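Residue numbers (the UniProt record's numbering): 1 to 493. Virtual Cβ for every residue (Gly too), placed ideally from N, Cα, C. These figures come from a predicted structure and were not determined experimentally. Before any comments, here is the structure.
Below, the structure is given as structure tokens:
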């Protein structure tokens, strides 16, 4: 069962996106020369989707979940969660999970309550800083856009040039071409009506150079590269605090140019490719910075691009199929990398007179279950029935059967449920077991063979004790049926 929600926290979007950015950059650095350059813009699209859309996918493929975030959210919203309820069947006594544990939990909740007001103040400050950063980044990018846009005010439309018209027709692109004396190299500007701008210094007597430049710019238009740059800028504005996103924007600019080169080369024979490389070298005399709001022909990394043009070979079908498969796996992997925080609590502490154990259930992933008494009742009844039907089963078998019962009840996979189990013994029975192994509880502390105990732990019974002083540490080891099999003792020096 797959569940999609639009509830991914911004910080988690940024963290997962950062991981994706690292993967793409390392892939480019390690295997870029062996892979088609058109693969990388597709991978960057996957990254941008993660950074811009707050979707969360809960599925059996999830690698990470943040259910404890959800529990903290529940505490802050509703107060202390009702997680101490014990379901008792046939009036069987059920022991809470240890006095010491309960005390520590109570103290922790008290500390959280005491810190709650400062936490809200801290959150408000963080939100203010974040909003300020978004506004500052947005203003900077808008200023860059205005500065670029002003360069085109004095442009002159080139009309009825048969060489330009023939290239645009061959590329099936509808665009106006302008001449501008304030730009250093050819570029495409605009989204819905992209315009091609050529520098006035361009040698218009070189028809071959003109054709290569126009083919490159038309390819940018057909590939909608300016739209992708806009998405990158939007991601930068939202995730301005993430240095990897700034790195990503520059990487996208570079990879779009190389992918455009490769797309152009697929339309050319060997002689035309050599001509295209010469055009790239000729235009590289005009050095340009990375452009975030338009696609330009010339770039500073021309040497690498020319080497790739010289080494270009048409892609084989098997490589294309492998790339499509990789993109699909990359998309699925990163979509399942993490899910949004959710409330993990599912059941009460359930017991039965037929079993030595108490069972509790939590969710490992979001199943979109309502936080209602009806949902908890369904889970409780499923656990109680497991305890009743398996009175002699050990701990491991009970956990497996409980998870299977919940999976059937809520129509999910078994791995979606985490089961905790504890001994279902009353105080008298528990102390009787301890006494049989020379453990006594007197005067609010444990002793072992008459020696005061500093640390005492019986995890299956939910008993923990700590004292600043004592002569021995005692750890109770039980078997799968809950019987004491060993005492691990350590003398305190």
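- Under the 10 Å beta carbon count, residue 358 is surrounded by 16 or more other beta carbons and is classified as buried.
- Annotation note: the stretch 113–198 contains the following uninterrupted beta strand (DSSP E) runs of length 3 or greater, listed N- to C-terminal: 177–180 and 187–189.
- In this structure the stretch 387–394 does not lie against the stretch 436–447, because fewer than three pairs of beta carbons, one per stretch, are closer than 8 Å.
- For the 7 Å CB-CB criterion, residue 38 and residue 259 form a contact.
- When beta bridges are read from the DSSP output, residue 418 appears opposite 362.
- Contact between residue 49 and residue 2 does not hold, since their C-beta atoms are separated by about 17 Å, which reaches or exceeds 8 Å.
- As DSSP reads the structure, residue 208 sits in no beta bridge.
- Following the DSSP letters along the chain, one finds residue 487 inside the beta strand (DSSP E) bounded by residues 484–491.
- Taking the CA atoms as reference points, residue 464 sits about 21 Å from residue 493.
- Spanning the alpha carbons of residue 179 and residue 264 requires a straight line of approximately 23 Å.
- Exposure of residue 477 is indicated by the presence of fewer than 16 other C-beta atoms within 10 angstroms of its C-beta.
- Annotated three-state conformation of residue 457 is strand, per DSSP.
- As DSSP reads the structure, residue 276 sits in no beta bridge.
- Between residue 424 and residue 351, the C-beta gap is smaller than 7 Å, which places the two residues in contact.
- By the Cβ criterion, the stretch 364–372 is in contact with the stretch 3–18, since at least three pairs of Cβ atoms, one from each stretch, lie closer than 8 Å.
- Burial state of residue 239 is buried, judged by a 10 Å Cβ sphere holding 16 or more other Cβ atoms.
- Leaving aside the five residues that flank residue 457 on each side, the residues in its chain whose CB is nearer than 6 Å to its CB run, in chain order, 464 and 475.
- Residue 242 places its beta carbon 7 Å or farther from that of residue 191.
- Under the three-state reduction of DSSP, residue 378 is assigned to helix.
- Rounded to the nearest angstrom, the Cβ distance from residue 164 to residue 186 is 12 Å, too far for a contact under 8 Å.
- DSSP, reduced to helix, strand and coil, places residue 215 within a helical segment of the structure shown.
- With contacts defined as CB atoms closer than 7 Å, residue 196 and residue 177 qualify as a contacting pair.
- Separation of residue 334 and residue 16 (C-alpha to C-alpha, rounded to the nearest whole angstrom) is 8 Å.
- The beta carbons of residue 221 and residue 173 sit closer together than 7 Å.
- Taking C-alpha positions only, residue 175 is separated from residue 346 by approximately 59 Å.
- Residue pairing by DSSP puts residue 473 in a beta bridge opposite 455 and 490.
- Taking 8 Å as the upper bound for CB-CB distance, residue 256 and residue 41 are in contact here, some 6 Å apart.
- For residue 334, the enclosing alpha helix (DSSP H) begins and ends at 317–335.
- The C-beta distance from residue 472 to residue 451 rounds to 5 Å, short enough to fall under 8 Å.
- DSSP places residue 400 in the helix class (H, G or I) of the three-state scheme.
- Check the Cα spacing between residue 431 and each of 419, 402 and 461: the tightest is with 461.
- With a beta-carbon spacing of about 16 Å, residue 223 and residue 167 fall beyond the 8 Å limit used to define contacts.
- When DSSP states are grouped into helix, strand and coil, residue 33 belongs to the coil group.
- Taking all protein chains shown into account, residue 328 has fewer than 16 neighbouring C-beta atoms within 10 Å of its C-beta and is therefore exposed.
- Approximately 7 Å separates the beta-carbon atoms of residue 262 and residue 36; this is inside 8 Å, confirming the contact.
- At least 7 Å separates the beta-carbon of residue 252 from that of residue 279.
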